[in-house]
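Participant: Going line by line, the protein sequences match chains A and B. Residues 1 to 91 (the numbering used here) make up the first sequence, in order. Residues 1 to 199 (the numbering used here) make up the second sequence, in order. We put the beta carbon where it would ideally sit given N, CA and C, even for glycine. This one's a predicted model, so the numbers in the text were calculated from it and none came from an experiment.
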Amino acid sequence: MSETIPASLDTDLRALLADVLGLAPARAAAFTAQTPLFGALPELDSMAVAGLFTALEDRFGFVLEEDEIDGDLLETYGALLSFVACKRGHG
Amino acid sequence: MRVLIVPPLFDEMNRARAMLVAVMRDLAAAGIASVLPDLPGCGESVQDFAAQSLNAWRAATAAAARHFGASHVLALRGGALVAPPALPGWALDPLHGDAVLRPLLRAAALAARARGEESGVAALLEQGRAQGLVLGGYRCGAALIAGLQGATMQGEGLRALALADLAAPGPAPWLRQEPAPAPALAAALAARVAQDLGA
């Protein structure tokens, strides 16, 4: 399995996080693959997580299965990016 | 001409409120009157939220339209589900009832899991349909949850507007966890309404 995640997907995902969570774009741009999200960002409570999942579905055109809905998905920025890339058929 | 504004449902209502007030000011500047009533059980309404249903909200928006002599309706998001069916107008980014329920049920399922309970979305929906459920901090009656499931946009006269149709930069305020002003979107929406009304 290749690990080619398009740069545009990375950019789009950072922009979506900034939009939905109201983060400064510079803060979202500074995320690394290891940056923790769920439990580390005060903006990200359970209601925000659900809103973020909905925004991900709208923006990237996939549907999350119920067993995929989990805080683990949001453990780090890298985990979320890999998941979105996988759902989109990359990587 | 007078435009009745039907706000989004649940928390999106709060997040969109500042933008809707900006839309009303922009409409007024174009010479168009508008009204933004609170749905029963919401905002400053003294009614019990737990007693509400889509039909109760539809009856209320229809009564408000008669009371204020509204000629058109502007509904946002889930508000399109409870707009008065007889009026022409616009529905901005309208949602099906299932799309209103989904994030609320997911949040409830995540919160339940965090408490160590195994209540999935399907189980919570069944529970809500039978006996009501607290969703997103709102005490929802069984009728509201059952009504939302499978509900579709009301009003044959409503024209669906996508955000892309308005070409306004910036995120939709109702998706943001932290409210932020959206003057460009408000101006674009008011301009579209004024243009369609020939004002």
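Between A/D19 and chain B, is the shortest Cβ-Cβ distance under 7 Å, so that the two count as touching?
Facilitator: Chain B, which has a Cβ nearer than 7 Å to the Cβ of A/D19, makes this yes.
Participant: I'd like to know whether the C-beta atoms of A/M47 and B/A172 end up nearer to each other than 7 Å.
Facilitator: No, Cβ-Cβ distance for A/M47 and B/A172 is not below 7 Å.
Participant: Can you tell me which of the three DSSP states A/P36 falls into?
Facilitator: It is a strand residue.
Participant: Closest by CA to A/D19, which one among B/A180, B/W57 and B/V46?
Facilitator: The candidate whose alpha carbon is nearest that of A/D19 is B/A180.
Participant: Can you list, in chain order, the residues of its chain whose CB lies under 6 Å from that of A/E66, leaving out five sequence neighbours each side?
Facilitator: Same-chain partners within the cutoff: there are none.
Participant: Could you give the DSSP three-state label for B/A168: helix, strand or coil?
Facilitator: B/A168 falls in the coil class under three-state DSSP.
Participant: Quick one: grab the DSSP three-state call for B/W148.
Facilitator: Note on identity: in this sequence residue 148 of chain B is Leu, with Trp being the wrong assignment. It is helical.
Participant: Please decide whether A/T4 counts as near chain B, where near means a Cβ-Cβ distance under 7 Å.
Facilitator: False, the Cβ-Cβ gap to chain B never drops below 7 Å.
Participant: In chain order, what residues of the same chain lie with their CB nearer than 8 Å to the CB of B/F10, ignoring the 5 residues before and after it?
Facilitator: So the list reads G78, V100, L104, L135, G136 and Y138, once near-sequence residues are dropped.
Participant: So who's on the other strand from B/S34, going by DSSP bridges?
Facilitator: B/V3, per the DSSP bridge assignment.
Participant: Between the segment 19-50 of chain A and chain B, which residues of the former have a C-beta closer than 7 Å to a C-beta of the latter?
Facilitator: So the list reads D19, V20, L21, G22, E43, S46, M47, A48, V49 and A50, given in the order they occur along the chain.
Participant: Measure the C-alpha to C-alpha separation of B/V121 and B/G31 and round it to an integer number of angstroms.
Facilitator: Computed Cα separation, rounded: 47 Å.
Participant: Please classify A/S2: is it buried, with 16 or more other beta-carbons within 10 angstroms of its beta-carbon, or exposed?
Facilitator: In this predicted model, A/S2 has a pLDDT of only 47, less than 50, meaning its place in the structure is not dependable; the value taken from the coordinates is given anyway. It is exposed - the Cβ of A/S2 has fewer than 16 other Cβ atoms within 10 Å.
Participant: Checking 7 Å against the spacing of the C-beta atoms, do A/V84 and A/L23 come in under that value?
Facilitator: It is not a contact, given that the beta carbons lie outside the stated cut-off.
Participant: Given that a residue counts as buried once 16 or more other Cβ atoms are within 10 Å of its Cβ, and exposed if not, what is B/A114?
Facilitator: Per the 10 Å Cβ criterion, exposed.
Participant: Of the residues B/G97, B/Q131, B/A191 and B/G155, which one's Cα is nearest the Cα of B/Q149?
Facilitator: Per the Cα distances, B/G97.
Participant: Can you grab the Cα-Cα spacing for the pair B/A160 / B/L92, in whole Å?
Facilitator: Each residue's Cα considered, the two are about 6 Å apart.
Participant: Could you compute how far the alpha carbon of B/V82 sits from the alpha carbon of A/R88?
Facilitator: Spanning the two alpha carbons is a distance of roughly 35 Å.
Participant: If we cut at 7 Å on Cβ distances, does A/E92 have a partner in chain B?
Facilitator: Shown here, chain A extends from 1 to 91; a query on residue 92 of chain A therefore has no answer.
Participant: Got a sec, what are the start and stop residues for the beta strand (DSSP E) B/R192 sits in?
Facilitator: Counting along the chain, B/R192 falls outside any beta strand (DSSP E), though it belongs to the alpha helix (DSSP H) covering P183 to L197.
Participant: Can you give me the C-alpha to C-alpha distance between B/P48 and B/A199, rounded to a whole angstrom?
Facilitator: In the sequence on display, residue 48 of chain B carries Asp and not Pro. Distance between the alpha carbons of B/D48 and B/A199: 39 Å.
Participant: List the endpoints of the continuous alpha helix (DSSP H) containing B/H96.
Facilitator: No alpha helix (DSSP H) contains B/H96, which DSSP labels as neither H nor E.
Participant: Below 8 Å on C-beta distance, what does B/P181 contact in chain A?
Facilitator: The contacting residues do not exist; B/P181 stays about 12 Å from chain A at best.
Participant: Does the distance from the C-beta atom of A/L16 to that of A/A79 stay below 7 Å?
Facilitator: Not in contact: A/L16 and A/A79 (Cβ atoms no closer than 7 Å).
Participant: First and last residue of the alpha helix (DSSP H) that includes A/L16?
Facilitator: Start and end: A7 to L21.
Participant: What residues in its chain sit with their C-beta under 6 Å from that of A/E43, if we drop five residues either side in the sequence?
Facilitator: Excluding residues within five positions, the ones whose Cβ falls inside 6 Å are L21.
Participant: Assign A/H175 to one of three DSSP states: helix, strand, or coil.
Facilitator: Residue 175 of chain A lies beyond the residue range present for chain A, which begins at 1 and ends at 91; the question has no answer from this structure.
Participant: Kindly indicate which residue of B/R192, B/A142, B/A167 and B/L163 has the alpha-carbon position closest to the one of B/L54.
Facilitator: Checking every option, the nearest Cα to that of B/L54 belongs to B/A142.
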